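S.K.: Input: one structure, supplied below.
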């Protein structure tokens, strides 16, 4: 599956990285043969984020409860800074995602990474969503009316 | 007087060692993996996340394993764990309307846009024990339906179009946080919902049930229950925009209640709201019933029942606090008890003295 825009907007790429499985991300990363030098700016570190909902679904915000989250920020030798934040406690995934975010500030590199790494992850995530949607659809109630007979 | 304050150390160490042994059980049986707990006891894991107020399936599975399946102990473990982590901030408010729906039902409308989607439910099962599950039978995957599906519209939007249901009030500013500030009554609805969302399922279920039985007049309909994953976004000041950081599974309930109107509002339907982590339909329905009951004052209703009393409901719905206070009774109270023992002995002696005096006077009078 190809992506609509290559390279992707930064936010979309970050969203896909955040949802990726850490092991899968590392496997695909290793196929790229990249090993950039970088310095850690922050983390990777795990902590909490308070998840907010809305009263009644669309009203004022309220605090539902916390979730674990891991973040990382790194700086490449050329000065590009990359950020990553993902639910869960996978520090290696956050670190690698930040490196990828920094690398992708170069358009040519972004195109290469999007094609080799982001596109396959996105298509796998989309396929999983579609499967879930179809399984749910199979449980949809199809009401039909019956003739009771007293009119005949 | 000297009081023995030491000596339990070896006994405690050995008790914990014995606990570890009993938890592991028969060594010829394979140990449970966290994947097994998270995957096959998923609703128990969801309850621990919800009442532990921490969304992390693996940690909740670990807590259940460590607690030997004692849910409140597991919830306690998760609450304790969260105090060890720094808080990075808060998410943008989640949009449950954009949920990837796994189940959505409405008891109000048969044919609502998006349809009645049953999903993986216990409803309509016969509640007969399935002896096949005693083994490891081959289980078929769920069936699929590929025709295009329409968007799953919220019930509130359908009734809202006619103006027959109250609308959500938008407000700006920071909602209060019961984990950061001491609770002072009355609490805002936002803070009540936070408290209810992590409240004990059993306690809220009983209170919700009480409202249906007449302790607070309530005529609820399950307007909508939806379960599914929603995207979480966090604003990153470094970037100047909000970034999606992954998804969480939530259950949401819109309970619709008849309302005859008041001086301020016309007759219309009002709503009770529930939102909890994971798949937890009973809890979210109970939460929505309690939320509606706790709005009594706002809606000009008489406060006559326990479920309408926010101090009663919210001070007692937290099972970690409740178990802490109840279970502390088993800790050593030797000195307190000695002082009470002394007091009771004194009172007893005075009581006996009075009884003796009365008997003596009665005897004298008789003579």
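Residue numbers (this note's numbering), protein chains in the order written: chain G, 28 to 179; chain Y, 151 to 517.
Note that beta-carbon positions come from the ideal geometry of N, C-alpha and C, so glycine has one too.
Keep in mind the model is a prediction, meaning the values are calculated, not measured.
#1: To the nearest angstrom, how far is it from the Cα of residue 375 of chain Y to the Cα of residue 256 of chain Y?
#2: What span of residues does the beta strand (DSSP E) with residue 66 of chain G cover, start to end?
#3: Leaving aside the five residues before and after residue 132 of chain G along the sequence, list all residues of the same chain whose C-beta is less than 6 Å from its C-beta, in chain order.
#4: Based on DSSP bridge pairs, tell me the residues matched to residue 96 of chain G.
#5: What residues in the stretch 267 to 299 of chain Y bring their beta carbon closer than 7 Å to a beta carbon of chain G?
#6: Helix, strand or coil for residue 483 of chain Y, going by three-state DSSP, please let me know.
#7: For residue 277 of chain Y, count neighbouring C-beta atoms within 10 Å of its own C-beta (all shown protein chains included) and say buried if the count is 16 or more, exposed if not.
#8: From residue 467 of chain Y to residue 353 of chain Y, what distance separates their C-alpha atoms?
#9: Under 9 Å, Cβ to Cβ, is there at least one residue of chain G near residue 160 of chain Y?
#10: Can you list, in chain order, the residues of its chain whose CB lies under 7 Å from that of residue 247 of chain Y, leaving out five sequence neighbours each side?
#11: Show which residues of chain Y have a CB atom less than 7 Å away from the CB atom of residue 48 of chain G.
#12: Quick check on residue 462 of chain Y: does DSSP put it in helix, strand or coil?
#13: When you check each C-beta in the stretch 153 to 165 of chain G against every C-beta of chain Y, which residues fall closer than 8 Å?
#14: Opposite residue 426 of chain Y in the DSSP bridges: which residues?
#15: Please classify residue 231 of chain Y: does DSSP put it in a helix, a strand, or coil?
#16: Could you spell out the range, first to last residue, of the beta strand (DSSP E) harbouring residue 374 of chain Y?
#17: Would you say residue 418 of chain Y lies against chain G (beta-carbon separation less than 9 Å)?
#18: Cα separation between residue 39 of chain G and residue 45 of chain G?
#19: May I ask you to list, following chain order, the residues of the stretch 381 to 392 of chain Y that have a beta carbon less than 9 Å from some beta carbon of chain G?
#20: What would DSSP say about residue 103 of chain G, mapped onto helix, strand or coil?
#21: Counting only beta-carbon separations shorter than 9 Å, does residue 203 of chain Y have a partner in chain G?
#22: Quick check on residue 441 of chain Y: buried or exposed, where buried means 16 or more other Cβ atoms within 10 Å of its Cβ?
#23: Is it buried or exposed, residue 99 of chain G, if we count other Cβ atoms within 10 angstroms and call 16 or more buried?
#24: Can you name the start and end residues of the beta strand (DSSP E) that residue 240 of chain Y belongs to?
#25: Shortest alpha-carbon distance to residue 78 of chain G belongs to which of Y/364, Y/206 and Y/403?
#26: Return helix, strand or coil for residue 109 of chain G, following the three-state DSSP convention.
#27: Please confirm whether residue 380 of chain Y and residue 245 of chain Y have their CB atoms less than 9 Å apart.
M.R.: By the coordinates alone:
#1: Start at 1 with the first residue of the second chain, and residue 375 of chain Y comes out as number 225. Start at 1 with the first residue of the second chain, and residue 256 of chain Y comes out as number 106. In a straight line, the C-alpha of residue 375 of chain Y is about 7 Å away from that of residue 256 of chain Y.
#2: Numbered from 1 along the first chain, position 39 holds the residue referred to as residue 66 of chain G. That run of the beta strand (DSSP E) goes 65 to 81.
#3: Numbered from its first residue, the first chain carries residue 132 of chain G at position 105. 107, listed in sequence order.
#4: Counting from 1 along the first chain, the entry for residue 96 of chain G is found at position 69. DSSP lists G/74 and G/114 as partners of residue 96 of chain G.
#5: 267, 268, 269, 292, 293, 294, 295, 296 and 299
#6: On the second chain, residue 483 of chain Y is found 333 positions in, with the first residue counted as 1. Correct three-state label for residue 483 of chain Y: coil.
#7: What you label residue 277 of chain Y is simply residue 127 of the second chain in a count that begins at 1. Residue 277 of chain Y comes out exposed.
#8: Indexing the second chain from 1 puts residue 467 of chain Y at position 317. Indexing the second chain from 1 puts residue 353 of chain Y at position 203. If I take the Cα positions, the gap works out to 6 Å.
#9: The residue given as residue 160 of chain Y occupies position 10 in the second chain. No, no contact with chain G.
#10: Position 97 of the second chain holds residue 247 of chain Y. Taken in chain order, the residues that qualify are 304.
#11: Counted from its first residue, the first chain places residue 48 of chain G at position 21. Here the premise fails: no neighbours, minimum Cβ distance about 11 Å.
#12: As a first step, residue 462 of chain Y is located in the second chain; it is residue number 312 there, counting from the start. Helix at residue 462 of chain Y.
#13: 156, 158, 159, 160, 161, 162, 163, 164 and 165
#14: Here the question's residue 426 of chain Y lines up with position 276 in the second chain. According to DSSP, which records beta bridges pairwise, residue 426 of chain Y is partnered with Y/401.
#15: Against the second chain, residue 231 of chain Y aligns to sequence position 81. Helix.
#16: Taking the second chain and counting its residues from 1, one reaches residue 374 of chain Y at position 224. 370 to 386 is the extent of the beta strand (DSSP E) around residue 374 of chain Y.
#17: As a first step, residue 418 of chain Y is located in the second chain; it is residue number 268 there, counting from the start. It does not; no Cβ of chain G falls within 9 Å.
#18: Numbered from its first residue, the first chain carries residue 39 of chain G at position 12. Numbered from its first residue, the first chain carries residue 45 of chain G at position 18. So the alpha carbons of these two residues sit roughly 10 Å apart.
#19: 381, 382, 383, 384, 386, 388, 389, 391 and 392
#20: As a first step, residue 103 of chain G is located in the first chain; it is residue number 76 there, counting from the start. Residue 103 of chain G: strand per DSSP, three-state reduction.
#21: Here residue 203 of chain Y refers to the residue found at position 53 when the second chain is read from its first residue. It does: the Cβ of residue 203 of chain Y has a partner Cβ on chain G nearer than 9 Å.
#22: The sequence position of residue 441 of chain Y within the second chain is 291, counting from 1. Its Cβ being crowded by 16 or more others within 10 Å, residue 441 of chain Y is buried.
#23: Position 72 of the first chain, counted from the first residue, corresponds to residue 99 of chain G. Residue 99 of chain G is buried by the Cβ-count criterion.
#24: Taking the first residue of the second chain as 1, we reach residue 240 of chain Y at position 90. Per DSSP, residue 240 of chain Y belongs to the beta strand (DSSP E) from 237 to 240.
#25: As a working mapping, residue 78 of chain G is identified with position 51 in the first chain. The candidate whose alpha carbon is nearest that of residue 78 of chain G is Y/206.
#26: Position 82 of the first chain, counted from the start, is the residue given in the question as residue 109 of chain G. Strand at residue 109 of chain G.
#27: Residue mapping note: residue 380 of chain Y aligns to position 230 of the second chain, counting from 1. Residue mapping note: residue 245 of chain Y aligns to position 95 of the second chain, counting from 1. Yes, the pair counts as a contact, with Cβ atoms nearer than the cut-off.
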